[in-house]
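Enquirer: One structure is given below, represented as structure tokens, and several questions about it will come after.
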Amino acid sequence: MFESHCLVPPVDVVSSVLGHPNSFTHLTELILSNVPLHDEDLLNLGRLPSLDTLNISNTCIGDEAIAYLLPLKSTLACLDISSNPRLTDDSCALLTFLTSLSFLDIRQTGVNMPGLRRFARSVDPVRWTLTIEVPDTCLEYLSGMQHQYAIKLPAPLITYPQDSKSLTIETLRSNLVVHAQCNPNISTGGSKMEMAQRLEDVLCRREDDLWVLDVMGWREDLDEELELDGWK
């Protein structure tokens, strides 16, 4: 059978020809953009041992489709799943297993910040160099992080979420007040337990968001803009 390094097949090829054992073993790039697919149509893609570039943008796929890509985790480097609104935050849990990715496009999907945070946490920016394109809703949120909580936290303000439980009620309130100055929706009252949990939640979200910026390569720009110091 003729084998190509790049293939743009009709939809019936995905579920038939590509499923033949030992076929297209040298195929490295597959473009299915704008081809309506069912999630299970991607089942046979896991049998393409050399595939490193896959474009399945605007194909109507959902979260289940990503599970069928996991056999490609050691080869798949570039993945475009943009313009698939049925993809949700649940897909991000599966994307964390695709550890060979160097490019990922999830624009115009149903992925929001919770899913993006979860995916980013699986990425070590030092060992894993990844270019990622994210939905506009995530870009808008990240661009307005300064309205969610205090980003710059000089001493004696705490930065580590786990430290919240050991603070006095006065110190908890003083920390929360700083964050509330950026986001009035953050309450500064309540019992010590309530305030400790609230501060921990705020700091966890801050930490996760900064990790997202690290993965996206935006952290250095933010450090320069706000003169952040000492956060790891």
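One gets this note's numbering by counting positions in the sequence shown from 1 and adding 181 to each.
Beta carbons: idealized from backbone N, C-alpha and C, even for Gly.
Here the structure is a predicted model, which is why all the values come from computation and not from measurement.
(1) Considering only residues of the same chain and omitting the five flanking positions on each side of lysine 373, which have a CB-CB separation below 6 Å?
(2) Could you check whether the stretch 327-340 touches the stretch 300-317, counting it as contact only if at least three pairs of C-beta atoms, one from each stretch, sit closer than 8 Å?
(3) Could I get the ranges of all uninterrupted alpha helix (DSSP H) runs contained in the stretch 267-332, with 4 residues as the minimum, in chain order?
(4) Is the beta carbon of aspartate 244 less than 8 Å from the beta carbon of threonine 269?
(5) Starting from the N-terminal side, write out each stretch of the alpha helix (DSSP H) that is 4 residues or longer and does not extend beyond the stretch 322-391.
(6) Please report the distance separating the alpha-carbon of histidine 219 from that of alanine 301.
(7) Buried or exposed for asparagine 225, going by 16 or more other Cβ atoms inside 10 Å?
(8) With a threshold of 8 Å between beta carbons, is proline 217 in contact with chain C?
(9) For the stretch 272-288 against the stretch 309-320, are there 3 or more C-beta pairs whose distance is under 8 Å?
(10) Since isoleucine 339 contacts asparagine 356 with CB under 8 Å, what's their CB separation in whole angstroms?
(11) Quick check on glycine 370: buried or exposed, where buried means 16 or more other Cβ atoms within 10 Å of its Cβ?
(12) For asparagine 225, name the three-state secondary structure that DSSP assigns.
Expert: Put simply:
(1) Answer for lysine 373: Ile350, listed in chain order.
(2) The stretch 327-340 is not in contact with the stretch 300-317.
(3) Runs of the alpha helix (DSSP H) inside the stretch 267-332: 271-276, 294-302 and 317-324.
(4) Result yes, Cβ atoms of aspartate 244 and threonine 269 sit closer than 8 Å.
(5) The stretch 322-391 contains these whole alpha helix (DSSP H) runs: 350-363.
(6) Going by C-alpha positions, histidine 219 is about 27 Å away from alanine 301.
(7) In the assembly as shown, asparagine 225 is a buried residue. Its beta-carbon has 16 or more other beta-carbons within 10 Å.
(8) Protein chains in the displayed structure number just one, and chain C is not present.
(9) With the cut-off at 8 Å, the stretch 272-288 and the stretch 309-320 touch.
(10) So it is a contact: roughly 6 Å between Cβ atoms.
(11) By the C-beta density criterion, glycine 370 is exposed, having fewer than 16 other C-beta atoms within 10 angstroms.
(12) Helix, per DSSP.
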